[in-house]
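Trainee:
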Amino acid sequence: MSRPLSARLETVLERLEGPLRGHGGPDGGGRPGVAGRLHRPLFAHLPAGGIVEACGATGTGAQSTFAAGAVLAVQRQGECVAWVEAAPGAVFAPDLAEWGIDLDALPFVRPAPGRGRAWAAPLLRAAEILLRSGAFGLVVTDLRRPGGDRCAPVVAPAAAARLFALARKHASRVLLLTDKAADAPSLGPVVGLRILPRRLRHAPGVFAVESSIVRNKIGLPRNAPAAFCRGPWGCF
């Protein structure tokens with residue numbers, strides 16, 4: 038199912054290199070109606086034009102599994118997706134391929150992180166550049182710090198507001214992955230949907246990914262079914 042990147046997408050990625058060097062450089066479904074039931078897992082219903090946060094405990098991996106499902110759903114709608122994470126990167130690409138994700142149409146952008154509480158600033162800047170292009174239906178931005186560091190990075194309100202404005206302008210989706218507990222404050226008022234994905238063992242080698250809605254400002258039905266996944270060969 039591999040397909041080459043479009044000329045427009047290649048141009049956007051080339052332009053990313055310059056702006057990101059200033060931050061350390063890179064290494065290397067529409068909204069359903071309120072009434073009714075969701076017949077697909079929640080990751081297939083991320084609203085266009087908004088910001089979604091997938092939160093959870095450090096080291097569970099459920100946020101990554103949720104993100105993989107979202108990537109596949111958006112790719113199946115014929116839209117481009119990008120994944121932003123801190124260099125050197127933690128995603129195990131063969132796991133994504135096992136989902137049926139087209140890796141040739143999934144660029145990874147890996148800027149070096151900032152210092153201290155500004156750790157996430159280069160990642161948010163990369164996401165902003167991608168959204169500004171208008172070329173992406175989904176930008177996954179992994180704000181989880183490596184090594185289990187629970188010191189949550191600060192997301193400046195102005196940066197979050199820019200992401201929201203660009204997502205709304207281009208009918209894109211922003212999926213932020215965090216290591217914050219469900220009862221911890223969200224990343225701000227611009228987060229329209231906050232999800233707590235959990236990965237539960239269903240049978241030997243089979244896991245159920247259940248997603249609870251923590252914040253719901255868009256009126257999305259809460260009764261989405263679980264997704265069932267085979268245990269991974271890699272880190273998911």
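Count along the sequence shown from 1, then add 37; that gives the number in my numbering. Think of the CB as a built atom: it goes at the ideal place given N, C-alpha and C, for glycine as much as any other residue.
#1: Does the distance from the CB of L175 to the CB of R210 come in under 8 Å?
#2: Grab the span of the alpha helix (DSSP H) containing S170 for me, first residue to last.
#3: Mark D141 as exposed unless 16 or more other C-beta atoms lie within 10 angstroms of its C-beta, in which case mark it buried.
#4: Taking the alpha carbon of W156 as the reference point, which residue from P226, V192, A197 has its own alpha carbon closest?
#5: Consult DSSP for V227 and reduce its assignment to one of helix, strand or coil.
#6: So, helix, strand or coil for D179, using DSSP?
#7: According to the neighbour-count rule (16 or more other Cβ atoms, all chains shown, within 10 Å of its Cβ), is L237 buried or exposed?
#8: Under 8 Å Cβ to Cβ from P222, same chain only, skipping five residues before and after it: list those, please.
#9: To which residues of the same chain is H239 closer than 7 Å at the C-beta, ignoring the five residues directly before and after it?
#10: With a CB to CB cut of under 6 Å and the five nearest residues on each side skipped, what residues in its chain are close to L83?
#11: Could you check which residue in A202, R231, A149, L213 has the C-alpha nearest to that of D220?
#12: Under a three-way DSSP split, which group does F145 fall into?
#13: Is G106 helix, strand or coil by DSSP?
#14: Express the C-alpha separation of A130 and A163 in angstroms, rounding to a whole number.
#15: Should L143 go down as buried or exposed, given a rule of 16 or more other Cβ atoms within 10 Å for buried?
#16: Considering only their Cβ atoms, is the gap separating R147 from A123 smaller than 8 Å?
#17: Could you tell me the alpha carbon to alpha carbon distance between A208 and E116, rounded to whole angstroms?
#18: For P234 and Q100, which I take to be in contact (beta-carbon distance under 8 Å), what is that distance rounded to the nearest angstrom?
#19: Which residues mark the beginning and the end of the alpha helix (DSSP H) in which L133 is found?
#20: Could you please give the first and the last residue of the uninterrupted alpha helix (DSSP H) stretch that includes L200?
#21: Per DSSP, what kind of secondary structure is L140 in: helix, strand or coil?
#22: Do L160 and L180 have their CB atoms nearer than 8 Å?
#23: Roughly how many whole angstroms lie between the Cα atoms of V228 and A218?
#24: Start and end of the beta strand (DSSP E) containing I88?
Mentor: Working from what's here:
#1: yes
#2: 158-170
#3: exposed
#4: V192
#5: coil
#6: strand
#7: exposed
#8: none
#9: A245, F265
#10: V89, A107, R210
#11: R231
#12: strand
#13: helix
#14: 20 Å
#15: buried
#16: yes
#17: 11 Å
#18: 6 Å
#19: 130-135
#20: 194-207
#21: helix
#22: yes
#23: 15 Å
#24: 87-91
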